[in-house]
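In my numbering, the protein residues as written are 608 to 855. I have placed the structure first, in the form of structure tokens, so that the comments after it can refer back to it.
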């Protein structure tokens with residue numbers, strides 16, 4: 608086990624030293640998703656009179672990338688959204704949750720070579736996967752709280768519908784990186800520094816995606832109809848993290 612850990616650390620150091628820099632950050636931002644069609648469907652539920660999900664959504668996630676030969680930017684990013692609402696006046700009480708997210712690998716071109724300002728600007732294209740999951744859960748009745756009742760297969764009052772598909776992403780990233788030269792060292796031969804990151808882009812899921820029950824990816828429980836809801840839309844995010852660059 609110790610040899611594996613040491614080998615992994617040595618491999619990481621070798622990889623980092625061979626690049627112009629490795630960077631990563633936690634990100635938070637906003638993404639536009641058109642929830643208007645599903646909001647219309649949800650108003651058919653007794654007690655729902657207003658939109659449950661906004662079109663502008665807070666996102667949380669992370670990103671990482673490395674720069675090769677001063678120009679080529681290879682990386683990846685993932686972020687998602689979550690909303691949860693309680694429907695008032697229903698018996699038993701009903702709780703609705705919507706989660707969605709994306710994860711992509713990215714390829715970009717750094718427009719600025721190494722400069723004294725520590726600035727990188729890079730358009731990039733990404734390819735990956737996206738999921739969108741709607742879940743409706745009713746509170747358990749007294750009968751359903753009994754072990755022997757659950758054991759014989761009583762319905763658990765949870766319904767899950769999801770969409771899964773290929774996602775394309777076009778974006779522009781911006782970094783400001785400040786190495787802490789001669790201050791402290793985490794990895795020998797490498798400077799560590801503060802990274803401020805920002806990005807804006809548009810994500811798109813091509814084709815028609817069917818709703819599926821209970822995370823069924825094979826389509827056996829495919830649901831016909833339903834709103835054409837996808838994780839499409841513009842987004843922007845900002846983040847803070849660290850970078851590792853070869854000492855000069």
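Don't be surprised by glycine CBs; every beta carbon is placed ideally from N, CA and C. In this text the structure is predicted, and so the values were computed from the model without any measurement.
Inset, instruction - To the nearest angstrom, report how far apart residue 680 and residue 801 are at their CA atoms. - result: Rounded to whole angstroms, the gap between the alpha carbons of residue 680 and residue 801 is 18 Å.
Legend entry - Residue burial classification, residue 815 (beta-carbon count within 10 angstroms, cutoff 16): By the neighbour-count rule (16 or more Cβ atoms within 10 Å), residue 815 is not buried but exposed.
Inset, instruction - Output the distance between the C-alpha atoms of residue 740 and residue 705, rounded to the nearest integer angstrom. - result: Counting only the Cα atoms, residue 705 lies some 6 Å from residue 740.
Legend entry - Span separating the alpha-carbon of residue 770 from that of residue 797: For the pair residue 770 and residue 797, the Cα-to-Cα distance works out to about 43 Å.
Inset, instruction - Would you mind stating whether residue 644 and residue 835 have Cβ atoms separated by less than 8 Å? - result: Yes, the pair counts as a contact, with Cβ atoms nearer than the cut-off.
Inset, instruction - Could you tell me if residue 653 is buried or exposed, where buried requires 16 or more neighbouring beta carbons within 10 angstroms of its beta carbon? - result: With fewer than 16 other Cβ atoms within 10 Å, it is exposed.
Legend entry - Outcome for residue 640 when other beta-carbon atoms lying within 10 angstroms are tallied against a minimum of 16: Per the 10 Å Cβ criterion, buried.
Legend entry - Cβ pair residue 844, residue 635 closer than 8 Å: Contact flag set, yes.
Legend entry - Cα-Cα separation between residue 723 and residue 633, rounded to whole angstroms: Their Cα atoms are separated by approximately 24 Å.
Legend entry - Chain-order list of residues whose beta-carbon lies under 8 Å from that of residue 719 (same chain, five-residue window excluded): Beyond the five residues adjoining it in sequence on each side, residue 719 comes within less than 8 Å, by CB distance, of 726, 727, 728 in the same chain, given in chain order.
Legend entry - For residue 782 and residue 642, the rounded distance between their alpha carbons: Pairing residue 642 with residue 782, the inter-Cα distance amounts to about 32 Å.
Legend entry - Terminal residues of the alpha helix (DSSP H) in which residue 646 lies: For residue 646, the enclosing alpha helix (DSSP H) covers residues 643-649.
Inset, instruction - Going by DSSP, name the residue or residues bridged to residue 676. - result: In DSSP, residue 676 forms no bridge with anything.
Inset, instruction - Give the secondary structure of residue 730 by DSSP, where H, G and I count as helix, E and B as strand, and everything else as coil. - result: Strand at residue 730.
Inset, instruction - Closer than 6 Å by C-beta to residue 809: which residues in its own chain qualify, once you throw out the five before and the five after it? Chain order, please. - result: A distance below 6 Å between beta-carbons, with the five flanking residues on each side excluded, links residue 809 to the following residues of its chain, in chain order: 777, 841.
Inset, instruction - Report yes if the CB atom of residue 812 is closer than 8 Å to the CB atom of residue 838, and no otherwise. - result: Yes. Within cutoff.
Inset, instruction - Put residue 619 into one of helix, strand or coil per three-state DSSP. - result: Summary for residue 619: the model assigns pLDDT 46, below 50, so the residue's position carries little reliability, and this model does not support an answer.
Legend entry - Residue from 807, 768, 685, 716 with nearest C-alpha to residue 737: Considering only 807, 768, 685, 716, the residue with the shortest C-alpha distance to residue 737 is 685.
Inset, instruction - Put residue 723 into one of helix, strand or coil per three-state DSSP. - result: In this structure, residue 723 counts as coil in the three-state DSSP scheme.
Inset, instruction - Please list, in chain order, all residues of the same chain as residue 833 whose beta carbon is under 6 Å from its beta carbon, the five residues on each side excluded. - result: Counting only Cβ-Cβ distances below 6 Å, and skipping sequence neighbours, we find 818.
Legend entry - Test item: CB-CB of residue 711 and residue 774 under 8 Å: Taking 8 Å as the Cβ cut-off, residue 711 and residue 774 qualify as a contacting pair.
Inset, instruction - Between the Cα of residue 803 and those of 731, 646, 671, 846, spot the shortest distance and give me the residue it belongs to. - result: Of the candidates 731, 646, 671, 846, 846 places its Cα closest to the Cα of residue 803.
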